[in-house]
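For reference, the structure is listed below as structure tokens.
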């Protein structure tokens with residue numbers, strides 16, 4: 001979990017901008033069992049520059065989150 005008193009999402013995203021980090025965050029979000037993990041991964045992804053080859057996967061994740069969470073405000 002991310003300590004938002006210590007680090008902002010923007011700072012973490014700037015520090016971690018890489019294809020490997022994006023793949024890691026997408027995977028973590030896809031297998032997340034807790035809403036905090038999912039929410040943190042998506043918020044970080046929102047601050048990163050998603051490469052073209054990962055945009056479809058990212059879009060599918062976001063659509064799945066909206067449909068699966070039945071209107072719950074997790075993001």
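Residue numbers (full-length UniProt numbering): 1 to 75.
Backbone N, C-alpha and C fix where the C-beta goes; we use that ideal spot for every residue, glycine too.
How many whole angstroms separate the CB atoms of residue i and residue j, which I take to be in contact at a CB cut-off of 8 Å?
i: residue 38; j: residue 32; result: 4 Å
i: residue 22; j: residue 54; result: 6 Å
i: residue 30; j: residue 61; result: 6 Å
Do you know offhand how far residue i's Cα is from residue j's?
i: residue 17; j: residue 52; result: 14 Å
i: residue 49; j: residue 6; result: 23 Å
i: residue 86; j: residue 46; result: Lying before the first or after the last residue shown, residue 86 is absent from the chain, which here runs from 1 to 75.
i: residue 65; j: residue 28; result: 13 Å
i: residue 35; j: residue 15; result: 24 Å
Please classify residue i as buried or exposed, where buried requires at least 16 other C-beta atoms within 10 Å of its C-beta.
i: residue 67; result: exposed
Excluding the 5 residues preceding and the 5 following residue i in the sequence, name in chain order all residues of the same chain whose CB lies nearer than 7 Å to its CB.
i: residue 9; result: 43, 44 and 47
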